[in-house]
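Working notes for the structure below.
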Amino acid sequence: MPRFMMMHKMTPDVEAGVPPTPELMQRMGAFIQEAVDAGVLLAGEGLRETKEATRVVVKDGEATVTDGPFAETKELIAGFAIMQLPDRAEAVQWALRFADVLGHDIEMDVRLVVEAP
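Those letters in the sequence shown? Residues 1 to 117, by full-length UniProt numbering.
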């Protein structure tokens, strides 16, 4: 069965280090438990704000290492889940359910994971 990675983008609150409310943590816990009980959740984590990140760029054989925070955060990943699902349509449905759990504007990417031959 295919695996899908769902990545949600950074929000200003996440980047500012605003902790999730107890209510949000409860909703997220219920969502995670539902995905575990359904046997579809393989992995998932939230990521810390970019002030604790390091960016490594290699160009023309030269490495540049830059510590965060980074000025542009809207394309950065705030968290991810890897789910094993029958198809992209079901992956999108799980992503929409997660967006509903978060309860605010959110942008997510749903990507098919490359399977080793």
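C-beta: ideal position from N, C-alpha, C; glycine also. Given the structure is predicted, the values throughout are model-derived calculations rather than measurements.
Nearest-angstrom Cβ-Cβ length linking Pro117 and Met1, presumed shorter than 8 Å: Here residue 117 corresponds to residue number 117 of the sequence shown, with the count starting at 1. Here residue 1 corresponds to residue number 1 of the sequence shown, with the count starting at 1. Their Cβ separation, rounded to whole angstroms, is 17 Å, which puts Pro117 and Met1 out of contact at 8 Å.
Nearest residue (CA-CA) to Glu115, options Ile82, Val58, Ala78: Indexing the sequence shown from 1 puts residue 115 at position 115. Among Ile82, Val58, Ala78, the Cα nearest to that of Glu115 is on Ile82.
Spatial distance of Phe31 from Val101 (CA atoms): Residue 31 sits at position 31 when you count from the first residue of the sequence shown. Residue 101 sits at position 101 when you count from the first residue of the sequence shown. Distance between the alpha carbons of Phe31 and Val101 is about 7 Å.
Residue environment, Met108, which counts as buried when at least 16 other CB atoms sit within 10 Å: In the sequence shown, counting from the first residue as 1, residue 108 sits at position 108. The C-beta of Met108 has 16 or more other C-beta atoms within 10 Å across all chains shown, which makes the residue buried.
Three-pair Cβ contact test at 8 Å for the stretch 11-20 versus the stretch 42-50: Contact between the stretch 11-20 and the stretch 42-50 is present, because at least three Cβ pairs lie under 8 Å.
Unbroken alpha helix (DSSP H) run spanning Ile77, endpoints: Numbered from its first residue, the sequence shown carries residue 77 at position 77. Where Ile77 is concerned, there is no enclosing alpha helix (DSSP H), although the beta strand (DSSP E) it sits in stretches over 77-84.
Met7 versus Glu23: straight-line alpha-carbon distance, rounded: Position 7 of the sequence shown, counted from the first residue, corresponds to residue 7. Position 23 of the sequence shown, counted from the first residue, corresponds to residue 23. Per the coordinates, the alpha-carbon of Met7 lies some 22 Å from the alpha-carbon of Glu23.
Cα-Cα separation, Asp13 to Glu90: Position 13 of the sequence shown holds residue 13. Position 90 of the sequence shown holds residue 90. Per the coordinates, the alpha-carbon of Asp13 lies some 29 Å from the alpha-carbon of Glu90.
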